[in-house]
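Adding 16 to a residue's 1-based position in the sequence shown gives its number in the working numbering. For glycine and all other residues, C-beta sits at the position ideal for the given N, C-alpha and C. Okay, structure first, notes after.
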Amino acid sequence: MADSNILKILLVDDEEPFRKVVGDFLNSTNLYVTYFCESGEEAIVLISQNRFDVILLDYKMAGVSG
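So, in structure tokens, the structure goes:
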């Protein structure tokens, strides 16, 4: 598969077990490259520096939430 067909996904969640389970599933398909953030603040920085095809986020987190 060409790299242009691989989706870049940002997963934002403050719970590490959730990030791990979802990330392992997404990465097992070889169709996605998954980036992880544990806070809204961290996600804002990453989004300002990168382009993502999909963003999955927790809407209730400490600090800046989804």
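Identity of the residues DSSP links to residue i by a beta bridge
i   : result
F52 : L27
V70 : I25
Buried or exposed by the 16-neighbour rule on C-beta atoms within 10 Å, applied to residue i
i   : result
A59 : buried
D69 : exposed
T50 : buried
R35 : buried
As assigned by DSSP and simplified to three states, the class of residue i
i   : result
L62 : helix
K76 : coil
N43 : helix
E57 : helix
Cβ-Cβ distance between residue i and residue j below 7 Å
i   : j   : result
V28 : L73 : yes
D30 : E54 : yes
Option nearest residue i by Cα separation, candidates the options
i   : options               : result
L47 : I25, R35, R67 and C53 : I25
T45 : I63, S55, N21 and G56 : N21
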